[in-house]
Each structure stands twice: as C-alpha cells, then as structure tokens.
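Below is one structure, written out as structure tokens; the observations come after it.
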Amino acid sequence: MSYTFGPVPSRRLGRSLGVDLVPFKTCTFDCIYCQLGKTTDKRMDRKTFFAPRDIIKDVLRRLKEIPRPDYITLSGSGEPTLYSPIEEIISGIKKTTDIPVVLLTNGSLFWIDEIRAAVKEADLIIPSLDAGDKNIFAYVNRPHSGISFEKTVEGLCRLRETYKNPIWLEVFLIGGVTDIRGEILKIKKWADCIAPDRIQLNTAVRIPAEGFVDMVGKEKMEELRSLFGKKCEVIADYSKVHSVGEFRRTQEDVLDLLKRRPCSVDDISDGLNLHRNETAKYVQELMDRHLIKREMRGNRVLFFAH
Ligand code: SF4
C-alpha cells in the first residue's frame, strides 16, 4: 500500500511529496467546500490507522525514486492529527532527511496539549480558520459534535505560544458567507491572537462537496486581503477553476479508463494526469453511483468498472 503521493507542484510549497496518515475522508470536519467530497468517517478519537514503520518506509522508498522535493507534507485525504503516532512519523522522517516537514491541518485539535506537543518538531504548520464565530463555523466546517469554535480558536492561539517554527494560517472564504467585511473582521480578530507568520486566502476554485458553495472572485479576494494587512496573500489558483461540466467529463474519462483495465488510484492519477486527491473524489462518486467496484489484488486496491 502506498502512503505517499506526488510530488505535487504547488504555488506555496513548490514541489511537495504528500503523505497520507489517515484513510480517505477521515476527518474532524465535514466542510461544505471540501474538494474531496463528503466526510465518510467524522471522528475526533485518534488512532494508529497504519503502522508508522510502513509509512516511514514508504516515504524513504519514494525519496530514492524522485528528485529532491521542496517539502514533505503531512496532509492527504483527511485530518492528519487524527493519526495518533504523528510524532513518530515527524521524528522518523527528520532522522533520515533534512527536507522540511510541513503539517497541513484543519487546526481543530490543538486545544489538546498532547497534540500540540506531538507536532512541535514540524518545520511549518499550516492550519485553517474559516470562520469568525460559532454559527459560521458550524455552517462551513460542520465539525464533530465534540469540537466547538471556542476550543478550536483557543487551541490555535495556544499553538502560537508553544510552537517556535512558522505558522501560515489558511482562511477559506465562501461567496455570500464570509466574503463580507464584518465576517472578515471577526476572523481577523482571532488571526491577531493566533499571530501567524502569514495569512493565506483561498476559495472554492475546485468543485466543492456541496453544490451551493460559491467561489469568491479574484478582485473581491484582493479587496478582502487588504483587511488582513501586510502578512496576507491570496493563494487561490484561479487557473484551476473547474466547471461542473468539466467535472462530469473527467469523471467519464476515469470510467472509460476503468472499462479498459482495472487501476489503482495512483494508476488513474498517472494515466489522466490528475492530482491524487482529485482522483479519489471521482472514484468515490463512481462508487456511490455503483458504476465501479473495489477489490484487493495482492496488496493493491484496484477499481473495476461493472
Ligand atoms: S476540507 Fe479538510 S478539514 Fe474540511 S472536510 Fe475536507 S479534509 Fe476535512
């Protein structure tokens, strides 16, 4: 089984080798804008989903095969802090390479002392904050019932007190919901407490989990950026905007490929030149529509068209 994907080219992290620590859509949130689709395992109890030894072995194997990436990113298809031995993964990677390790997280569990301690050796943490109050938080992030807005922002502020390396705060804005001056100022109040080194604004340039989610246009984003001050930049990649028609066409391409031969998610990504996370979303929807099925072959998970 492969726990790594990429290297994925990204504007903010250059070429980054992704590492998946949790199964697909295992998350503390079920964000309305999630580009991976709906959360299938919403949880807040942590678990050793996969053996740390196997994950580290896979990272090292991949590093031998590819040119040196700019970052190794713990992210993937869910919330990485749900992986209980995350500290072991960070220290295991850092023992063998000096490539910086980045943690991409929704930031929902930093109120737990043990989790802040477990991630302290990461070279960069990129948490999210998409709301300035509990109502917008509940609407946008649809968190697990054990996670409140107060706990989340308290955890992020406490992270800043103890964590010595850079924090880049990602704020995902939604048209008609948070692209409003009043909402931005509420988020900014919390951002001032979190005191990140950078604030990065994103919006729904890719197909979101819910069809009612609207993207914020480029000019509006620039206008809102100025409310956050000098540390803030827009990272939304407007060249990646996908229409629903395009999404359907690509999904048909995935189905056509699977009609020709069974493939793993990585085979599909390579064959159609898609990001692995995007492929996973197409595959999930084709599974939901009962157009394909999944089977184990040896130690590989393969997908077949019916
Ligand atoms: S966007 Fe991130 S935090 Fe939100 S549901 Fe998707 S994986 Fe979880």
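This note's numbering applies: residue 4 is where the sequence shown begins, and numbers increase by one.
Beta carbons are placed, not taken as given, at the ideal position from N, Cα and C, and that holds for glycine.
Quick one: grab the DSSP three-state call for residue i.
| i | result |
| --- | --- |
| T29 | strand |
| W171 | strand |
| A308 | strand |
| Y74 | strand |
| F8 | strand |
| C160 | helix |
| I129 | strand |
| I295 | strand |
| C37 | coil |
| L107 | strand |
| G95 | helix |
| V286 | helix |
| D269 | helix |
| D182 | coil |
| R303 | strand |
| P55 | helix |
| G274 | helix |
| V208 | coil |
Does the distance from the C-beta atom of residue i to that of residue j stay below 7 Å?
| i | j | result |
| --- | --- | --- |
| L204 | V257 | no |
| P130 | G149 | no |
| V62 | T7 | yes |
| I202 | A194 | yes |
| V1 | T76 | Residue 1 lies beyond the residue range present for the chain, which begins at 4 and ends at 309; the question has no answer from this structure. |
| S80 | K50 | no |
| K154 | W114 | yes |
| A239 | Y36 | no |
Quick one: residues in its chain with C-beta nearer than 6 Å to the C-beta of residue i, no 5 flanking neighbours on either side, listed in chain order?
| i | result |
| --- | --- |
| K221 | Y241 |
| R18 | P10, P12, P72, D73 |
| C196 | C160 |
| G95 | I59 |
| G135 | E186, K189, I190 |
| Q38 | R209 |
Let me know if residue i comes out buried or exposed under the rule of 16 or more other beta-carbons within 10 Å of its beta-carbon.
| i | result |
| --- | --- |
| A54 | exposed |
| L112 | buried |
| A120 | exposed |
| D133 | buried |
| E298 | exposed |
| I59 | buried |
| C235 | buried |
| D23 | buried |
| C266 | buried |
| E68 | exposed |
| P70 | exposed |
| L230 | exposed |
| E173 | buried |
| E117 | exposed |
| K192 | exposed |
| T165 | exposed |
| R65 | buried |
| G301 | exposed |
Sorted by chain position, which residues of the same chain lie with C-beta nearer than 7 Å to residue i's C-beta, five sequence neighbours on each side aside?
| i | result |
| --- | --- |
| D182 | L176, V219, K223, L227 |
| D270 | none |
| D33 | K41, T42, K45, R145 |
Can you tell me which residues form a DSSP beta bridge with residue i?
| i | result |
| --- | --- |
| C215 | At residue 215 the sequence reads Phe, which differs from the Cys that was named. Paired residue(s): none; F215 is not in a bridge. |
| I202 | L172, C235 |
| D259 | Looking at the DSSP assignment, D259 forms no beta bridge with any residue, so it has no partner. |
| G17 | S13 |
| Y86 | K50 |
| K45 | C30 |
| G81 | T29 |
| D23 | S78 |
Can you give me the Cβ contacts of residue i inside the same chain, cut-off strictly under 8 Å, excluding the 5 residues immediately before and after it?
| i | result |
| --- | --- |
| I295 | L258, L261, V286, L289, F306, F307, A308, H309 |
| L275 | T253, D256, V257, L260, T282 |
| S124 | Here the sequence assigns Glu to residue 124, which means Ser is not the residue at that position. Within the same chain, E124 has close Cβ partners E90, I93, S94, K97, V104. |
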